[in-house]
Amino acid sequence: MKGENDPLASFWMPFTANRAYKAQPRQLVSASGMYYQSADGRQILDGTSGLWCSNAGHCRAEIVEAITKTAATLDYAPTFQLGHPLPFELAQRLAALMPDGLDRIFFTNSGSESVDTALKIALAAQRARGQGTRTRLIGRERAYHGTGFGGISVGGLVNNRRAFGGGLPGTDHLRHTHDRDRNAFSRGFPQHGAELADDLQRLVDLHGTETIAAVIVEPMAGSTGVLIPPVGYLQRLRDICDHHGIILIFDEVITAFGRVGGATAASEWGVTPDIITMAKGLTNAAVPMGAVAVKRELHDVVIESVPGGIELFHGYTYSGHPLAAAAGLAALDVYEREGLFERARELGAYWEDAAHSLKVGRHVVDIRAIGLVAGIELEPRPGAPAARATEFFHAAFDNGLLIRATGDIIALSPPLIVEKAQIDEMFGKLAELVERID
Ligand code: PMP
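Shown next as structure tokens:
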């Protein structure tokens, strides 16, 4: 074998500065509950639920057991033209958790696949309704919808356009809702910005109603900095969609499964979209899986539009994979039995106060917190190559705390089992770093 001596060389790491990482690698080797263990033997408090996904904490015994048992009895079974009981059972459980009416579930393997699936379902439903001219997809600036071509096209990140070009033709974008001038250090939902939803009306006026299939938004943008929707914004989008026959998709890959309180942000915040995308917390991240919940009318119109044969020409080899479905069922059991979504809601006020205690810190220009998620925005460092938040990320890790850094924003989203003392520990450590890092 040709081989290379450097054991780190072959793995091309995703969303990573590979050279910097490989010069100073930090690795996690085991996990339990609220903690990771690092390769150098330290306990790392998980302030981010991995990547916003291990909502019940790590290595939960009953999820491990469900996966192990299923691996030994049904390692794999196709769900094309065949089936096995687990995804049917999981779909029924999920349907019961979704807002009223969104009770048809399509399984994928990731958030990115859920987004592309949702966009395709929206296009198929518009065609099935006899609205085949509606092919335009609307996203939003500063949105992250994963890495598929659909997702990067409706997403709002310049890095995607710089690296991969303009994406799908026929997409357009609403402005983002982050307005620090008016909303900095808001508590709860920011007061200003509901009128930004009227961008959708402007795009209708520009392109013509008959060309617009769907609009997709994260009810709370997560990866791009915890951007909480202004009061009234989501309802205003809903109203414009209703008025013009536009399908409204909420990308709840981060917000579903308790992050902001309820099972979904839609149910917690009282605005019902037509389609919801999920992933991450669905299996407590123990096995990759995503899902798309679809309003029954949209499902039915697609199913009935095809007189015989396959109605939706779409799916994945691993849709409804037995191990993932078993993990999903066990995760839902844990969430339910331990009341973890309610716990996130109840801890919300304590969490928000703790987050806002950093307000006095140097370089802190905004703090946003809701449910069990928070974003701490730092002033950009003039002329410096690395964002300040990246330095925080490394220093926090070396101090036993996992945080997430994107650009100049630190994000926190701990497992929903977090204790108040651990919340204090997280913000205590960050307060020290705020004083230390220039
Ligand atoms: N949509 C949203 C809102 C996300 O936050 C993410 C991941 N952070 C994705 C889609 C993509 O999910 P995945 O990485 O599982 O493909």
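For the record, in the sequence shown the residue sitting at position 141 is 141 according to the UniProt record's numbering, with numbers rising by one throughout. Where is the CB? At the ideal position from N, CA and C, for every residue including glycine.
- Short of 6 Å from the beta carbon of Gly375, and not among the five residues preceding or following it, lie these beta carbons of its own chain, in chain order: Gly225, Val226, Arg368, Ile409 and Ala411.
- Taking the C-beta atoms as reference points, Ala263 is found no nearer than 8 Å to Met220.
- Apart from the 5 residues on each side of it in sequence, Trp351 sits with its Cβ closer than 8 Å to the Cβ of Ala369, Gly371, Leu372, Ala374 and Ile423 in its chain, given in chain order.
- Per DSSP, Arg129 lies in no beta strand (DSSP E) segment and is marked neither H nor E.
- By DSSP's assignment, Thr406 forms a beta bridge with Ile409.
- In this structure, Pro415 is the residue among Pro415, Glu432 and Val434 with its C-alpha nearest to the C-alpha of His58.
- If you ignore the 5 residues before and after Gly146, its C-beta comes within less than 6 Å of the C-beta of Gly111, Ser112 and Val115, all in its own chain and listed in chain order.
- Annotated three-state conformation of Ile254 is coil, per DSSP.
- In summary, Pro25 is exposed, with fewer than 16 beta-carbon neighbours lying within 10 Å of its beta-carbon over all protein chains present.
- Taking the Cα positions, Phe80 is about 28 Å away from Ile152.
- A distance criterion of 7 Å places the beta-carbon of Glu141 beyond contact range of the ligand PMP, judged by its closest non-hydrogen atom.
- The region 337 to 349 makes no contact with the region 65 to 82: fewer than 3 CB pairs, one atom from each, lie closer than 8 Å.
- Contact between the region 241 to 249 and the region 30 to 48 is absent, with fewer than three C-beta pairs closer than 8 Å.
- The beta carbon of Leu234 sits no closer than 7 Å to any heavy atom of the ligand PMP.
- Spanning the alpha carbons of Thr255 and Arg140 requires a straight line of approximately 17 Å.
- Counting only runs of 3+ residues, the beta strand (DSSP E) found wholly inside the region 300 to 376 occupies 364 to 370, in chain order.
- Separation of the CB atoms of Ala326 and Ala66 is rounded to 4 Å, and the pair is thereby assigned contact status at 8 Å.
- Going by C-alpha positions, Ala23 is about 13 Å away from His394.
- Taking the Cα positions, Ser319 is about 26 Å away from Phe11.
- If the five residues before and after Gln235 are omitted, its C-beta is found closer than 6 Å to the C-beta atoms of Val271, all from its own chain and listed in chain order.
- When the beta-carbon positions are compared, Pro273 and Leu248 come within less than 8 Å of each other.
- The DSSP-derived three-state label of Thr135 is coil.
- Closest option to Asp172, judged by alpha-carbon separation, among Gly148, Thr135 and Gly383: Thr135.
- In the DSSP secondary-structure assignment, Gln43 is bridged to Gln37.
- Between the ligand PMP and Ala122, a heavy atom-to-CB distance of less than 7 Å is absent.
- Look at Phe393 here: in three-state DSSP terms it is helix.
- Where Gly262 is concerned, there is no enclosing alpha helix (DSSP H), because DSSP gives it neither an H nor an E.
- Rounded to the nearest angstrom, the Cβ distance from His192 to Pro230 is 6 Å, consistent with a contact under 8 Å.
- The three-state reading of DSSP puts Ala285 in coil, since its state is none of H, G, I, E or B.
- The beta carbon of Glu218 sits closer than 7 Å to at least one heavy atom of the ligand PMP.
- With a cut-off of 7 Å, the C-beta of Asp251 is classified as near the ligand PMP, since at least one heavy atom of the ligand falls inside that distance.
- Assigned with DSSP and collapsed to three states, Ser10 falls in coil, not helix or strand.
- Remark: the C-beta of Ser112 is in contact range of the ligand PMP, defined as less than 7 Å to any heavy atom.
- CA-CA distance, Arg381 to Gly208, rounds to 43 Å.
- DSSP places Val294 inside the beta strand (DSSP E), whose first and last residues are Gly290 to Val294.
- Ile303 has its alpha-carbon roughly 46 Å from the corresponding atom of Leu28.
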